[in-house]
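Trainee: Okay, here's the structure, questions in a sec.
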Amino acid sequence: MTQDTPATGAAVRDFLRRHPTMVIGASMLLFITLAALLAPWIARDPILLEPVNRLKPPSADFWLGTDSLGRDVYARMVYGARISLLVGLSVAVISILCGSVIGLLAGYFSKVDAVVMRLMDGIMAIPSILLAIALVALLGSSVQVVIIAIAIPEIPRVTRLVRAVVLSVRDLPYVEAARSNGTRVAKLLRRHVLPSTVAPLIVQATYICASAILTEAGLSFLGAGTPPEIPTWGNMIASSRVFLQIAPWTIFAPGICLALVVLAVNLLGDGLRDRLDPRISRRM
Amino acid sequence: MTGYIIRRMLGVIPVMMVVGIFVFSLLHLAPGDPAAIIAGDNATAESIAKIRSNLGLDRPLLEQFASWGLATLRGDLGVSIFTQIPVLTLVGQRVGATISLAATTMLVAVTIAVTLGVLAAWKAGSLLDRAVMGLAVTGFSVPVFVVGYILVYFVALQWRWLPVQGYVALSEGLWPWLRQLILPSIALGLAYVALIARITRASMLDVLAEDYIRTASAKGVATVPMLLRHALKNAAVPIVTVIGIGVALLISGVVITETVFNIPGVGRLVVDAISRRDYPVIQGVMIIFAGVYVLINLLVDISYSFFDPRIRYS
Chain H
260 MTQDTPATGA AVRDFLRRHP TMVIGASMLL FITLAALLAP WIARDPILLE
310 PVNRLKPPSA DFWLGTDSLG RDVYARMVYG ARISLLVGLS VAVISILCGS
360 VIGLLAGYFS KVDAVVMRLM DGIMAIPSIL LAIALVALLG SSVQVVIIAI
410 AIPEIPRVTR LVRAVVLSVR DLPYVEAARS NGTRVAKLLR RHVLPSTVAP
460 LIVQATYICA SAILTEAGLS FLGAGTPPEI PTWGNMIASS RVFLQIAPWT
510 IFAPGICLAL VVLAVNLLGD GLRDRLDPRI SRRM
Chain G
410 MTGYIIRRML GVIPVMMVVG IFVFSLLHLA PGDPAAIIAG DNATAESIAK
460 IRSNLGLDRP LLEQFASWGL ATLRGDLGVS IFTQIPVLTL VGQRVGATIS
510 LAATTMLVAV TIAVTLGVLA AWKAGSLLDR AVMGLAVTGF SVPVFVVGYI
560 LVYFVALQWR WLPVQGYVAL SEGLWPWLRQ LILPSIALGL AYVALIARIT
610 RASMLDVLAE DYIRTASAKG VATVPMLLRH ALKNAAVPIV TVIGIGVALL
660 ISGVVITETV FNIPGVGRLV VDAISRRDYP VIQGVMIIFA GVYVLINLLV
710 DISYSFFDPR IRYS
């Protein structure tokens, strides 16, 4: 035991030195996730209206001031992290799952490929934020609808990535061998093709997560995202727009928080990419 | 070459057809009666019936799609339900502001990004390089409306250097027009700068490692011509590609930027149309934006052989 400690310590230091971006990104995310989970214990009620305390600047009572309805900006910010993280994570999972299945099938079966890829090209040509706003307007605004509306335009990007990997391994000798052994297609794809897609997909998932958090905030900002009564960073900025001059904290607090979370996810993604694909890391 | 261009242009047809089907089905995918959705919550049975027959929603779906598709092909995007003005006229009134914003953003962003990317690659590993890469990650993480409000707060409200919001047409004079566009272009361009600078640096690093660059330096070619004429031109294909892909980013950003800076452009038009459920406007603008995206990426594909004559289209 005692012998192990210095070696482990050295390994940790070595990892920190070699992958600083990943460590910084991951620690920032961990901190924000903890804050979001512990929200009820570290912040007061985010929707409590106290008209007496309208637009109060930051103070010992209200760390980040109050908004135009007298709500605690700090509390709303902490609760807002919940929605951002939930949307980012859900969109990443849904689009990776759907995109992978479609990409595997398109890459492996050339008949499916032609049709599916034209469909994907078409979806990619529609500006994602417009598609998302339109879907939210049609299906009604709720967190679930927002997640689906943001996930759909992300699917083609995953499909293209997975398809490219499948095309590059499809005719390699080990896959050929498995095929001639009579392995069924489902098993072949799962056991011999899918593993090659894991590393690029993990990296892609972080970028999708970052972009989903940004899009959700953008949708809420435009008034076409999560219902206004739910505290989200986009909603906070949207409802405080007109008070920019007299109460800048109502906009800057959620804005900076939003930027930090996206930065953390992007740093984590860059770090993972360096770790998983050393060939690109030197250049990017 | 001509054959390739023709084939690539024909390839636009299926993509735009998918876009058309998607945009058309938006209205019909929604649960419930489209006419009732358009009419809104407090509509009477008569007004719903009137909307249904006006828009031809009582005809078979395939027939509706065919007539809508044919009209769109002819350039007839229908009439706004809310204002009773043809969609094309509405877009025409607002397209100047949007093109001004997009063009200034693109010009400024590409110039800054390519310069930064070339410098970073030239001095790879230096403090400058790290600063540029840091800016790139940050620029990609800060949402356009946050940059926008920070700029408005300091530059316009506190220091009073530039106007807070609004748009002035170019016909009112060059400076009044430009003055309104400086802050929006910076806010919108930041993410674009980040994207392009990153790719420029990566592509330049690849090219700078090639033998012919070493030969050029050994022959005594000065640094600037070496970087620009020898290296940058050969590094251009990935850069031009990402500029094309970034157009999608730019279009999404335009919608938000126009809201932040109160610019009466096409983005504002479509956001207002969505809140009023003005379907002809929503469908028309989506088709136009998608068409612009497809067209720009077509031009990007065709430009490859100009930058790299080794690329032959067969």
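Chains H and G supply the protein sequences, listed in that same order. First residue of the first sequence: 260, per the working numbering; consecutive thereafter. First residue of the second sequence: 410, per the working numbering; consecutive thereafter. For each residue, glycine too, the CB sits at the ideal point set by N, CA and C.
1. Would you call the CB atoms of H/V421 and H/T456 closer than 7 Å?
2. Using the rule of at least 16 other Cβ atoms within 10 Å of the residue's Cβ for burial, across every protein chain shown, is G/H437 buried or exposed?
3. With 7 Å set as the bound, which would you pick, yes or no: does the beta-carbon of H/D331 sit closer than that to a beta-carbon of chain G?
4. Skipping 5 residues on each side, what residues in its chain have a beta carbon closer than 8 Å to that of H/A270?
5. According to the Cβ coordinates, are H/P316 and H/R335 closer than 7 Å?
6. Please report the straight-line C-alpha distance between G/F715 and G/N643, rounded to a whole angstrom.
7. Residues of chain H with CB under 8 Å from G/R686, in chain order?
8. Rounded to whole angstroms, what is the Cα-Cα separation between H/V434 and H/L447?
9. Spell out whether any CB of chain G is found under 7 Å from the CB atom of H/F290.
10. In this structure, does DSSP put H/D304 in helix, strand or coil?
11. Pick out whichever of G/F433, G/L583 and G/L597 has its Cα sitting closest to the Cα of G/A511.
12. Just to make sure I have the definition right: I need the residues of chain G whose C-beta is within less than 8 Å of the C-beta of H/Q504. Which are they?
13. H/T442 bridges to which residues according to DSSP?
14. Expressed to the nearest angstrom, what Euclidean distance is found between the alpha-carbon atoms of G/A627 and H/V462?
15. Are the beta-carbon atoms of H/S349 and H/I406 separated by less than 7 Å?
16. In this structure, how does DSSP classify G/T520 when only helix, strand and coil are distinguished?
17. Ignore the nearest five residues each way along the sequence and tell me which others in G/I591's own chain have a CB closer than 7 Å to its CB.
18. Just to confirm, is the Cβ distance from G/I460 to G/A444 under 7 Å?
19. Check each residue of the region 646-658 of chain G: if its Cβ is closer than 8 Å to any Cβ of chain H, include it; give the result in chain order.
20. Please report the distance separating the alpha-carbon of G/A565 from that of G/T507.
21. So, with DSSP's three-state summary, where would you put G/D442?
22. Against G/T547, what residues of chain H qualify as contacts under a CB-to-CB distance less than 7 Å, listed in chain order?
23. Cα-Cα, which of G/V701, G/D710 and G/I697 is closest to G/T481?
24. Mind the definition here: the region 542-552 of chain G touches the region 512-523 of chain H only if three or more C-beta pairs lie below 8 Å; say whether that holds.
25. Strictly by DSSP, which residues pair up with G/T609?
26. At which residues does the alpha helix (DSSP H) containing G/I460 begin and terminate?
27. Is it true that the region 575-593 of chain G meets the region 603-621 of chain G, where meeting means three or more beta-carbon pairs spaced less than 8 Å apart?
28. By the criterion of Cβ-Cβ separation under 9 Å, what are the contact partners of G/L438 in chain H?
29. Going by DSSP, what residue range makes up the alpha helix (DSSP H) through H/R335?
30. I want to verify the contact list: residues of chain C whose CB lies under 7 Å from the CB of G/I683, in sequence order.
31. Apply the 10 Å Cβ neighbour rule to G/Q692 and answer buried if 16 or more other Cβ atoms are within range, or exposed otherwise.
32. Please report the straight-line C-alpha distance between H/L522 and G/V651, rounded to a whole angstrom.
33. Can you look up H/T572 in the DSSP assignment and give me helix, strand or coil?
34. My parser needs the alpha helix (DSSP H) runs of 4 or more residues fully inside the region 579-638 of chain G; what are they?
35. Please classify H/Y338 as buried or exposed, where buried requires at least 16 other C-beta atoms within 10 Å of its C-beta.
36. Under three-state DSSP, which class holds H/T261?
Mentor: Let me spell this out:
1. By one-based count along the first sequence, residue 421 of chain H stands at place 162. By one-based count along the first sequence, residue 456 of chain H stands at place 197. Cβ atoms of H/V421 and H/T456: closer than 7 Å.
2. One-based indexing of the second sequence puts residue 437 of chain G at position 28. Exposed.
3. Taking the first sequence and counting its residues from 1, the one referred to as residue 331 of chain H is at position 72. No, because no Cβ of chain G sits closer than 7 Å to the Cβ of H/D331.
4. On the first sequence, position 11 is the one that residue 270 of chain H refers to. Excluding sequence neighbours, H/A270 sits near nothing in its chain.
5. For this step, residue 316 of chain H is matched to residue 57 along the first sequence. For this step, residue 335 of chain H is matched to residue 76 along the first sequence. No, they are not a contact pair.
6. Counted from its first residue, the second sequence places residue 715 of chain G at position 306. Counted from its first residue, the second sequence places residue 643 of chain G at position 234. Spanning the two alpha carbons is a distance of roughly 10 Å.
7. By 1-based counting over the second sequence, the position of residue 686 of chain G is 277. Result: A396.
8. The count along the first sequence starts at 1 and reaches residue 434 of chain H at position 175. The count along the first sequence starts at 1 and reaches residue 447 of chain H at position 188. When rounded, the distance between both Cα atoms is 8 Å.
9. Taking the first residue of the first sequence as 1, we reach residue 290 of chain H at position 31. Nearest CB-CB separation between H/F290 and chain G: not below the 7 Å threshold.
10. Your numbering for residue 304 of chain H matches position 45 in the first sequence. Residue state, collapsed to three classes: coil.
11. Your numbering for residue 511 of chain G matches position 102 in the second sequence. Ranking the options by Cα distance to G/A511, first place goes to G/L597.
12. Locating residue 504 of chain H in the first sequence gives position 245, counting from the first residue. Neighbours of H/Q504 in chain G, taken as residues at a C-beta separation under 8 Å, are given in chain order as Y562 and L566.
13. Here residue 442 of chain H refers to the residue found at position 183 when the first sequence is read from its first residue. Bridge partners of H/T442: none, in fact.
14. If you number the second sequence from 1, residue 627 of chain G lands on position 218. If you number the first sequence from 1, residue 462 of chain H lands on position 203. Between the C-alpha atoms of G/A627 and H/V462 there is a straight-line separation of about 40 Å.
15. The residue labelled residue 349 of chain H in the question sits at position 90 within the first sequence. The residue labelled residue 406 of chain H in the question sits at position 147 within the first sequence. Contact flag set, yes.
16. One-based indexing of the second sequence puts residue 520 of chain G at position 111. In this structure, DSSP gives G/T520 a helical state, which the three-state scheme calls helix.
17. Indexing the second sequence from 1 puts residue 591 of chain G at position 182. Hits under 7 Å: L571.
18. Within the second sequence, numbered from 1, the residue matching residue 460 of chain G stands at position 51. Within the second sequence, numbered from 1, the residue matching residue 444 of chain G stands at position 35. Note that the C-beta distance between G/I460 and G/A444 is below 7 Å.
19. Here the close residues are A657.
20. The residue labelled residue 565 of chain G in the question sits at position 156 within the second sequence. The residue labelled residue 507 of chain G in the question sits at position 98 within the second sequence. C-alpha separation (whole angstroms): 21 Å.
21. One-based indexing of the second sequence puts residue 442 of chain G at position 33. The answer is coil: DSSP assigns G/D442 none of H, G, I, E or B.
22. Within the second sequence, numbered from 1, the residue matching residue 547 of chain G stands at position 138. Within chain H, L522 have C-beta atoms less than 7 Å from the C-beta of G/T547, given in sequence order.
23. Numbered from 1 along the second sequence, position 72 holds the residue referred to as residue 481 of chain G. Answer by Cα proximity: G/I697.
24. Counting Cβ pairs under 8 Å, three or more are found: they touch.
25. Mapped onto the second sequence, residue 609 of chain G falls at position 200. Per DSSP, none; premise fails for G/T609.
26. Counting from one through the second sequence, the residue named residue 460 of chain G turns up at place 51. From DSSP, the alpha helix (DSSP H) with G/I460 extends over A454 to N463.
27. No, the region 575-593 of chain G is not in contact with the region 603-621 of chain G.
28. Taking the second sequence and counting its residues from 1, one reaches residue 438 of chain G at position 29. Chain H residues near G/L438: L394, L397 and L398.
29. What you label residue 335 of chain H is simply residue 76 of the first sequence in a count that begins at 1. Going by DSSP, H/R335 is part of the alpha helix (DSSP H) stretching over V332 to Y367.
30. Chain labels in this structure do not include chain C; the protein chains are H and G.
31. Residue mapping note: residue 692 of chain G aligns to position 283 of the second sequence, counting from 1. Burial is judged here by how many other beta carbons sit within 10 angstroms of a residue's own beta carbon; G/Q692 has at least 16 and is buried.
32. Locating residue 522 of chain H in the first sequence gives position 263, where the first residue counts as 1. Locating residue 651 of chain G in the second sequence gives position 242, where the first residue counts as 1. For H/L522 and G/V651, the distance between alpha carbons rounds to 21 Å.
33. An answer regarding residue 572 of chain H cannot be provided, because it is not within the stretch 260 to 543 covered by chain H.
34. Every unbroken stretch of the alpha helix (DSSP H) spanning 4 or more residues and falling wholly within the region 579-638 of chain G is given here in chain order: 583-617 and 620-627.
35. Taking the first sequence and counting its residues from 1, one reaches residue 338 of chain H at position 79. Buried, because 16 or more other Cβ atoms sit within 10 Å of the Cβ of H/Y338.
36. The residue given as residue 261 of chain H occupies position 2 in the first sequence. Confidence in H/T261 is poor, its pLDDT being 46 and thus under 50, which makes the residue's placement unreliable; the coordinate value appears in the next sentence. Coil at H/T261, not helix or strand.
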